[in-house]
Every structure is written in structure tokens, then in C-alpha cells.
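Read through the structure below, which is laid out as C-alpha cells, and then see the notes.
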Amino acid sequence: MERAIELAKLSVDEGGGPFGAVIVKNDKIIAEASNRVTQDHDPTAHAEVVAIRKAAANLKDFSLEDCEIYASCEPCPMCLSAIYWARIPVVYYAADRHDAEAAGFNDSHIYDQLSKPMQDRDIRITQLDSEHSLEAFKKWIDEADKTRY
21 MERAIELAKL SVDEGGGPFG AVIVKNDKII AEASNRVTQD HDPTAHAEVV AIRKAAANLK
81 DFSLEDCEIY ASCEPCPMCL SAIYWARIPV VYYAADRHDA EAAGFNDSHI YDQLSKPMQD
141 RDIRITQLDS EHSLEAFKKW IDEADKTRY
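Quick note: the sequence shown, position 101, residue 121 per my numbering, numbers continuous.
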């Protein structure tokens, strides 16, 4: 945890956001990262997501089911989703979402939006029908030599 917090502070020194994350497997650091949103001009470059990308590349595996993640702050909804997709079973965090909000990082709007039906959200989400909409799924189902994830 101390390393994740140290990475968060270093990120601020380098012009980034105050977030850090470390991924550990068998008590060994596999990957670590700081928030890279402003440096990379990438709204998805949160510390946890960057660390997951690095860990998966280092392990050459998209499943991090044998890992733990240490985050300097409670993961936002996007990062938490990435943690679920990576199958990381354990998350440790230091500051919480309320501490982040007090520092100007407010995720409450996203949490509120996710609890609403799609038609009531601020972002317009519309399904477009297409006669080809299921072709990729059919191809996937029929593919004998696929890597399930």
C-alpha cells in the first residue's frame, strides 16, 4: 500500500492525478502505475487500468486471477469494472471516494447514473437494429479454436 501511495504522490509531482496502483502476485510486485490521464491525454489511463495493462503484458495473460491490487484510492466505477474483467479477486485501497471528492474528483455522478434506467441517463444510449448485429457473435460461437475469457 505504501508503494501505491508513493506512486500517487510522484504522479502529482509529474503533473498527473494523485492516484497510484500496484499489482502483486505471490508477494511480488508484477506491475505498478500512476494516473496518466493528463500526460497521455487518455481519460481511461487511471492508475489501476494502467497497472492492469502492464500486469497482463508482463504475465502474458489477460486473467489476473492470482493477483491482488493495491490502490491509493477506492477504485472508480471504470477501474472497478476493469478489475472485475481482469478477475483480480482482492482489492485493497487507502483513501475512499469521499476523500477523492473532497480533492475535486467526484465519481458520485457516475454512480448515480449507473443506478438509473438507460433512458433516464444523461448520456443518450440507443440500440440500432441491424440485420448483421449478431454475425460476430454467431462467428464466435462457431469458432472451434477460440480463447475464452
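From the three backbone atoms N, C-alpha and C, an ideal C-beta is built for every residue, glycine too.
Continuous beta strand (DSSP E) stretch holding residue i: start and end
i	result
SER153	That residue, SER153, is in no beta strand (DSSP E); it is neither H nor E in DSSP.
Bounding residues of the alpha helix (DSSP H) (the contiguous stretch that carries residue i)
i	result
ILE72	67–79
LYS166	Element bounds for LYS166: n/a, residue is neither H nor E.
CYS99	97–106
ILE89	No alpha helix (DSSP H) contains ILE89, which is instead part of the beta strand (DSSP E) from 87–93.
ALA24	22–33
GLU132	In the sequence as presented, Glu is not what sits at residue 132; that position holds Asp. From DSSP, the alpha helix (DSSP H) with ASP132 extends over 128–134.
Best match in the options for proximity to residue i [C-alpha to C-alpha]
i	options	result
ASP62	HIS129, PHE82, GLY36	GLY36
ILE108	TYR90, ALA115, ALA122, ALA164	TYR90
LYS29	ASN46, ALA53, VAL44	ALA53
ALA67	GLU155, SER31, ASP127, TRP105	SER31
MET98	GLU85, ALA114, SER128	SER128
ASP116	GLU26, ASP33, PHE39	PHE39
PRO95	PRO137, VAL69, ALA156	VAL69
LYS48	GLU151, GLU34, ARG23, THR58	ARG23
ILE145	GLN133, ALA156, GLU155, SER153	GLN133
TYR131	LEU100, LEU154, ASP165, TYR112	LEU100
ALA102	LYS159, ILE50, ILE72	ILE72
ALA77	THR167, ILE161, SER135, ALA106	ALA106
ASP119	PRO137, CYS93, VAL111, LYS136	CYS93
ALA41	GLN59, ASP33, GLU88	GLU88
THR58	ALA51, GLU34, ILE43	GLU34
For residue i, the residue or residues it bridges with in DSSP
i	result
VAL40	Per the sequence shown, the amino acid found at residue 40 is Gly instead of Val. The partner list for GLY40 (beta bridge, DSSP) reads SER54.
LYS48	LYS45
ALA115	CYS93
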